[in-house]
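Q: So that we are looking at the same thing, I have put the structure below in structure tokens.
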Amino acid sequence: MARAPSAASRIARGDAIALTKALTRIDSRNPSIDPDGPGEAEAARFLASVLESWGFAVALQDVADGRQNVVAHLGRPEAPALLFAGHLDTVGIDGMTHSPFDAEERDGRIYGRGSADMKSGIAAMCAAAVLAADSVPDPSRRQVVIAAVVDEEYDSIGMRAFAETASNTSACVLTEPTRLAICPAHRGFVWIELTFTGRAVHGSRYDIGVDAIRHAGLFLKELEDLDSTELPRKTHSLLGRGSVHASLIEGGTGLSTYPERCVLTIERRTLPGESQSDIESEVRALCDRARERAPNLDVSVRLITAQSPSDVSTEAPIVRSLSDAIQAEGTELSIEGMSAWTDAAILNDVGIPSVCFGPGDIRHAHTPEEFVPISEIDTATRVLTRVARDWLEGRE
68 MARAPSAASR
78 IARGDAIALT
88 KALTRIDSRN
98 PSIDPDGPGE
108 AEAARFLASV
118 LESWGFAVAL
128 QDVADGRQNV
138 VAHLGRPEAP
148 ALLFAGHLDT
158 VGIDGMTHSP
168 FDAEERDGRI
178 YGRGSADMKS
188 GIAAMCAAAV
198 LAADSVPDPS
208 RRQVVIAAVV
218 DEEYDSIGMR
228 AFAETASNTS
238 ACVLTEPTRL
248 AICPAHRGFV
258 WIELTFTGRA
268 VHGSRYDIGV
278 DAIRHAGLFL
288 KELEDLDSTE
298 LPRKTHSLLG
308 RGSVHASLIE
318 GGTGLSTYPE
328 RCVLTIERRT
338 LPGESQSDIE
348 SEVRALCDRA
358 RERAPNLDVS
368 VRLITAQSPS
378 DVSTEAPIVR
388 SLSDAIQAEG
398 TELSIEGMSA
408 WTDAAILNDV
418 GIPSVCFGPG
428 DIRHAHTPEE
438 FVPISEIDTA
448 TRVLTRVARD
458 WLEGRE
């Protein structure tokens, strides 16, 4: 990518708006979810060049073939670190109603795939780190670390790799789109596949046929009862209740044949305190209840994948620091739960208190029209600059 260094040199030091536009113009669709996606390589090289020109110590961390995290430091190496983190990958562009990579500025907004989720957040955190360091006479006691990772939209291999190296990190702000709200918590999720096995015979042979689809229906009735009566009984102060839904179903071979097989996949959104094993046990209990109505019900249960919930106390130092900075900037303080899953869960799992705060609205992510308000990029940059400056000065 011959153009990256020269293009990077045109991004003024600490200019979050220009950096947002430049990153949005780079196609970084995740190849694991979009076969035409080129991946994050060009965006990673470009961002690394910008940060080097701003005075960061920068490294590219190999994660997978052609996919690298950008890890950058300001301050004294090995000193206690405040982490600003985000992801470089985006989802696909099918059905978009505007050009996905022009970064058009219109009506006080920047339009483009990834503008909200989450290249504006990456730009704000990088600009804030360098502006904070510039304002601190001696930023040598502590450090601010930037991690711009790959693959958050699929399996988070980037953050998993980075988390293994994130020693001496006191706290993290992930600049996911939160509309400038502080989000200390979000749900996790568990994906499970259930395969119901029946007996395929001619449709007239009710006496020996076993209907796998109908058995799946009995399970779905139990799933409905779980979602409507049991899950609402347990809530989280910021997240409300957990949930479950049937995602995909497939089965049967013809109108006159009892279906021998029915495959159902479900997603269970989990609250802090609920584990993967808890949910697997919950699903198996639903199967047992369905079997009470059909003793010949035959089902196998397979875990597809799971991601942990995330939960940080609203009294945690990083939440207080963000709250103080938001109010000092004259912005309305809002603390709420995040609707989507994020890499914060991975960092919290390794003991790094991690919360989300950033420009843009998650409701506009992954949609035909994605944009970020320029005013929110500016506000996020100013808030994060205060947080980073206080950290470098040893106030937190």
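Just so you know, we're using our numbering here: the sequence shown kicks off at 68 and counts up by one.
C-beta: ideal position from N, C-alpha, C; glycine also.
Do you know how far the Cα of V368 is from the Cα of G159?
A: G159 and V368: Cα-Cα distance of roughly 31 angstroms.
Q: Is the separation between the beta-carbon of V439 and that of I177 shorter than 8 angstroms?
A: Result yes, Cβ atoms of V439 and I177 sit closer than 8 angstroms.
Q: Rounded to whole angstroms, what is the Cα-Cα separation between A40 and K186?
A: Outside the shown range of the chain (68 to 463) lies residue 40, about which nothing can therefore be said.
Q: Since G162 and P376 should fall inside the 8 angstroms C-beta cutoff, what is the C-beta to C-beta distance between them, to a whole number of angstroms?
A: That belief does not hold up - the Cβ atoms of G162 and P376 are roughly 31 angstroms apart, past 8 angstroms.
Q: Would you please state the rounded distance, in angstroms, between the beta carbons of A196 and F151? I believe it to be under 8 angstroms.
A: Yes, A196 and F151 are in contact; Cβ-Cβ is about 6 angstroms, under 8 angstroms.
Q: Would you identify the three-state DSSP class for F424, choosing helix, strand or coil?
A: Reduced to three states, the DSSP call for F424 is coil.
Q: Tell me the rounded alpha-carbon separation between H312 and C354.
A: Distance between the alpha carbons of H312 and C354: 15 angstroms.
Q: Tell me the rounded alpha-carbon separation between A200 and T164.
A: Looking at the two C-alpha atoms, the distance is approximately 40 angstroms.
Q: How far does the alpha helix (DSSP H) with L459 in it reach, from first residue to last?
A: First-last of the alpha helix (DSSP H) with L459: I441 to L459.
Q: Closest to L114 by CA distance: which of R180, D445 and S95 is it?
A: When only C-alpha atoms are compared, the closest one is S95.
Q: Less than 8 angstroms between the beta carbons of A455 and V211, yes or no?
A: Contact: yes.
Q: Could you have a look at G307 and say whether DSSP puts it in helix, strand or coil?
A: If DSSP states are grouped into helix, strand and coil, G307 belongs with the strands.
Q: Is DSSP giving H253 helix, strand or coil here?
A: Three-state DSSP puts H253 in a strand.
Q: To the nearest angstrom, report how far apart S442 and E403 are at their CA atoms.
A: Straight-line Cα distance between these residues: approximately 21 angstroms.
Q: Where does the unbroken beta strand (DSSP E) through R360 begin, and where does it stop?
A: That residue, R360, is in no beta strand (DSSP E); its alpha helix (DSSP H) goes Q343 to R360.
Q: Could you round the C-beta distance between V450 and L389 to whole angstroms and report it? I think they count as a contact, below 8 angstroms.
A: With a Cβ gap of about 7 angstroms, V450 and L389 count as contacting.
Q: Apart from the five residues just before and just after E396, which ones in its own chain have a Cβ nearer than 6 angstroms to its Cβ?
A: Closer than 6 angstroms at Cβ, skipping near neighbours: R449 and V450.
Q: Report the residue from W458, A110 and P426 whose alpha carbon sits nearest the alpha carbon of A83.
A: Checking every option, the nearest Cα to that of A83 belongs to P426.
Q: Going residue by residue through the stretch 180–220, where are the continuous beta strand (DSSP E) segments of at least 3 residues, counting only ones entirely within it?
A: Segments of the beta strand (DSSP E) lying fully in the stretch 180–220: 210–216.
Q: Indicate whether A139 and L118 have their beta-carbon atoms separated by less than 8 angstroms.
A: In this structure, L118 lies closer than 8 angstroms to A139 by Cβ.
Q: Helix, strand or coil: how does DSSP classify A148 here?
A: Looking at A148 - three-state DSSP - the assignment turns out to be strand.
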